[in-house]
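For reference, the structure is listed below as structure tokens.
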Amino acid sequence: MKKLLIILIPFILASCGDDTRSRKVSSSSNTASPLTNTQCSQAYDPVCGQPPMPLCPPGIFCAMVMPAPVVYDNQCLMEKAGAAFIKKGACQ
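Basically our numbering = 1-based index in the sequence shown + 6.
Written out as structure tokens, the structure is:
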């Protein structure tokens, strides 16, 4: 059983790496870029947002771990960070 796990783990990790690369390409082509030059108000109207996946350098295998949801002060700041809207208010 241990030998089987030792043999299967590299294949599982390699297949996960392929999925994340294809997902990264498809998600970047379907979403708008972050609003980097936008001026946001300082009004406090908290929203829960999902930060974008970190990008790995080409040719480097890295573990793609989804970041935890973040509470942003307002929706403008969330959009400026490139995060996806989850809900109004604090994340649970």
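The beta carbon of each residue, even a glycine, is placed where N, CA and C say it ideally should be.
Counting every other CB atom within 10 Å of its CB across the protein chains shown gives Ala90 a total below 16, marking it as exposed. For Cys54, the enclosing beta strand (DSSP E) stretches over residues 53 to 56. For Cys54 and Ala69, the gap between their C-alpha atoms comes out near 24 angstroms. Taking the Cα of Tyr50 as reference, the smallest distance to any Cα among Met72, Pro60, Gly88, Met84 is reached at Met84. Within the DSSP bridge table, the entry for Lys94 names Val53 as partners.
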